[in-house]
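Novice: Mapping the sequence shown onto the working numbering, position 397 (from 1) lands on 931, and the numbers just tick up by one.
Note that CB positions come from ideal geometry on N, CA and C, so glycine has one too.
The structure displayed is predicted, hence computed values, not measured ones.
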Amino acid sequence: MKVLRISLIAFALAAFFASAATAQDKDPCATWNNSPKKEEAENAHVLYRGVVKGKDVAGLEQLGQQEFDLAYNNWKKAYDIAPAADGQRPSHYSDGRDLLKVKYNKATDPAQKKEFADIILRLFDEQMKCYQNEGFLLGRKGFEMFYMPEYGYRQETYNTLKQALEKGGNETEYIVMEPMSQILVYFFQNQMVSQKETQDIYNKMTEIVDYNIEHNDRYGKYYEDIKLRMASHFKAIEDEVFDCAYFKTKLLPDYQAKPNDLKIVQYTYVKLKQQGCDTTEAIMQELKGKYEVIARAINDSLEVVRRQQNPCYDASQLQQEGNYSRALERYEECLKATDDPDAKAQVYYSIASIRLYRMSQEGAAISAARQAAALKSGWGRPYIIIGDAYAKLGRDCGDDWTTRLAVLAAMDKYGYAKAIDSDPDLVSDANRRLGQYRDAMPERQEGFMRGIKEGQSVNVGCGIGETVKVRYKD
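Below you can see the structure in the form of structure tokens.
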């Protein structure tokens, strides 16, 4: 009986996907107006619409199985006869996506989920072909793709979101900005997009967001919120991507709002100088002069005294201000000033962070991170840094195989980090990195050519010096 039940399920799935393939071959803009099955299509349309009307995906998921099947089967009948309904409404595409999303969410088989995902995306394409509105639909399609593991951080997703910005212009929905920000940052960090393209797309997004903050009475607040989210995402790469003009736009409003705040004046001047601003410019001279005046005025304040007398505190402040070389000097003084293992572990972690993310000194970063880990058991953060350092070292290995072995070494560290440390933020960071690097794992064909079996232990070069068990992505 169990075998029969499995066979029936397999048959039903095969029939569904065969029908979906057939639908691809027919005219996606066909209507029921001149169809011999017009009445059948209209009746099916009325039946399924009576169930789905006013419901989103979450609402459809609450339906009983019998009611859902009634809606789905009648939608499919109406869609198969007339994908474009009567030519006046795109509901067969949009309702189909929602119904299929319910099936997608409930499916557990990866191949089946991929099939559902592909059909959902195809319905976007068909609606664009027959009912236009490309900017809006590309945005919705890209949004869906980003949050589908089958697509996620892939080139196809990036291309779709980019097209949405180009086609939608100022009409682009705010929901496009979050996935576009994340994937653009990821692509830049992984050398999949140029600095210029990153700047261009960021500027385009900013123009759209600013326009809607000013002119969109209904959703302006949502664009304000997403602008803050964008800033948070791009902070990870802004030093590498943007120039003096960008940082002037970002920092000078804070300075103009609080021209006598020492930290703001100092940070603004240092950051603008680091980003290549001409120190002879009037604004730079103003900032420098203002800083010197304010600094002299509060030279004897508790803050200054505290920083002078407490190298640990001073180092953390210098790090926040972007004075990384001086921060490292003060961290070394801090290590000599304390015997507390936890405090020393945190200092070594901060040193490792600066060495890796601000100075690209992978070897020194790994050394400091290992010292941090040795001083504080059950702490996963140092292993995240070691994993990131391995990944960066791997990019300069020279050959693709060694680069992919370096990725395995990095993934081992991420996995170990979350195994010893249950902090939710750390687990999330580790899982995100594991997901990002999954496609960069070694390829089975390459391993076969080298005579290396899955599970075999191999040494990783590139100065990493780790031994990994080979896993393949395929």
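In this structure, what does DSSP give as the bridge partners for T1001?
Specialist: For T1001, which the question treats as bridged, DSSP gives the partners N993.
Novice: Drop a sphere of 10 angstroms on the beta-carbon of H749, count the other beta-carbons inside from all chains shown, and report buried for 16 or more, exposed for fewer.
Specialist: Its Cβ having fewer than 16 others within 10 Å, H749 is exposed.
Novice: Roughly how many angstroms lie between the CA atoms of L890 and K755, to the nearest whole one?
Specialist: Rounded to whole angstroms, L890 to K755 spans 37 Å at the Cα level.
Novice: Who are the near neighbours of T937 in its chain, counting only those whose CB is closer than 6 Å to its CB and skipping five residues on each side?
Specialist: For T937, where only same-chain residues beyond five positions count, the Cβ hits under 6 Å are G928, C931.
Novice: Are the beta-carbon atoms belonging to C778 and L821 less than 8 Å from one another?
Specialist: No; because the gap between Cβ atoms is not below 8 Å, this pair is not in contact.
Novice: On the CB-based measure, 16 or more other CB atoms within 10 Å of its CB, does K1007 come out buried or exposed?
Specialist: The residue is exposed, with fewer than 16 neighbouring Cβ atoms inside 10 Å.
Novice: What whole-angstrom Cβ distance do E713 and F677 have, given they're in contact under 8 Å?
Specialist: The amino acid occupying residue 713 in the given sequence is Pro; Glu does not appear at that position. The Cβ separation is near 6 Å, so the contact holds.
Novice: Would V799 and T732 be called neighbours here (beta carbons separated by less than 8 Å)?
Specialist: No, the pair does not count as a contact, with Cβ atoms beyond the cut-off.
Novice: Going by C-alpha distance, which of Y847, Y924, L695 is nearest Y971?
Specialist: Y971 has its Cα closest to that of Y924, out of Y847, Y924, L695.
Novice: Give a yes or no on whether the minimum CB-CB distance between L718 and chain D is below 8 Å.
Specialist: This model lacks chain D altogether; it includes just one protein chain.
Novice: Tell me whether the beta-carbon of F768 lies closer than 8 Å to the beta-carbon of S715.
Specialist: Going by C-beta atoms, F768 is nearer than 8 Å to S715.
Novice: On the criterion of 16 or more Cβ atoms from any shown chain inside 10 Å, does Q819 qualify as buried, or is it exposed?
Specialist: With fewer than 16 Cβ atoms within 10 Å of its Cβ, Q819 is classed as exposed.
Novice: Quick check on D934: buried or exposed, where buried means 16 or more other Cβ atoms within 10 Å of its Cβ?
Specialist: Exposed is the call here.
Novice: Since A943 and V992 should fall inside the 8 Å C-beta cutoff, what is the C-beta to C-beta distance between them, to a whole number of angstroms?
Specialist: A943 to V992, Cβ: 10 Å. No contact.
Novice: Taking the alpha-carbon positions, what's the K1003 to P916 distance?
Specialist: Using only the alpha carbons, I get a separation of about 22 Å.
Novice: Give the single residue among I615, F658, R904, K738 whose Cα lies nearest to the Cα of D629.
Specialist: Checked all of I615, F658, R904, K738; the closest Cα to D629 is F658.
Novice: Restricting to Cα atoms, I'd like to know which of G673, R688, M662 is closest to P562.
Specialist: Checked all of G673, R688, M662; the closest Cα to P562 is M662.
Novice: How many Å lie between V881 and A906 at the Cα?
Specialist: Cα-Cα distance, rounded: 8 Å.
Novice: What three-state label does DSSP hand S859 in the structure shown?
Specialist: Looking at S859 - three-state DSSP - the assignment turns out to be helix.
Novice: Could you have a look at T706 and say whether DSSP puts it in helix, strand or coil?
Specialist: Reduced to three states, the DSSP call for T706 is coil.
Novice: Where A483 and Y638 are concerned, what is the direct C-alpha to C-alpha distance, given to the nearest angstrom?
Specialist: Since the displayed the chain opens at 535 and closes at 1008, residue 483 lies outside it and no answer follows.
Novice: Since I believe L852 is in contact with R864 (beta carbons under 8 Å), could you give me their beta-carbon distance rounded to a whole number of angstroms?
Specialist: Contact flag correct, Cβ pair sits at about 6 Å.
Novice: Does the segment 717–725 touch the segment 678–696, meaning 3 or more C-beta pairs lie closer than 8 Å?
Specialist: At 8 Å Cβ cutoff, the stretches touch.
Novice: Give the secondary structure of P617 by DSSP, where H, G and I count as helix, E and B as strand, and everything else as coil.
Specialist: Residue state, collapsed to three classes: coil.
Novice: Tell me the DSSP secondary structure of R623 in three-state form.
Specialist: If DSSP states are grouped into helix, strand and coil, R623 belongs with coil.
Novice: Taking all protein chains shown into account, do 16 or more other C-beta atoms lie within 10 angstroms of the C-beta of F680, making it buried, or fewer, making it exposed?
Specialist: It is buried - the Cβ of F680 has at least 16 other Cβ atoms within 10 Å.
Novice: Output yes or no for whether 8 Å exceeds the beta carbon distance between L604 and L581.
Specialist: The answer is yes: Cβ separation under 8 Å.
Novice: Quick one: using the 10 Å Cβ neighbour count with 16 as the cut-off for buried, is E741 buried or exposed?
Specialist: Label assigned to E741: exposed.
Novice: Quick one: residues in its chain with C-beta nearer than 8 Å to the C-beta of I918, no 5 flanking neighbours on either side, listed in chain order?
Specialist: Excluding sequence neighbours, I918 sits near K947, Y948, A951, L960, D963, A964, R967.
Novice: Could you give the first and the last residue of the continuous alpha helix (DSSP H) run that contains W935?
Specialist: Its alpha helix (DSSP H) spans residues 934–954.
Novice: Determine whether the beta carbon atoms of L699 and I735 lie at a separation below 8 Å.
Specialist: Their beta carbons are under 8 Å apart, which means L699 touches I735 by this criterion.
Novice: Check the C-beta distance from D620 over to T565 and give it rounded, since I have them as a contact under 8 Å.
Specialist: Yes, D620 and T565 are in contact; Cβ-Cβ is about 6 Å, under 8 Å.
Novice: Just the C-alpha distance for R752 and M739, rounded to the nearest angstrom, thanks.
Specialist: Rounded to whole angstroms, R752 to M739 spans 19 Å at the Cα level.
Novice: In angstroms, rounded to a whole number, what distance separates the CA positions of K870 and A898?
Specialist: For K870 and A898, the distance between alpha carbons rounds to 19 Å.
Novice: DSSP three-state call for T732: helix, strand or coil?
Specialist: In the structure shown, T732 sits in a helix (DSSP, three-state: H, G or I).
Novice: Please state whether the Cβ-Cβ distance between G912 and D955 is less than 8 Å.
Specialist: Yes, they are a contact pair.
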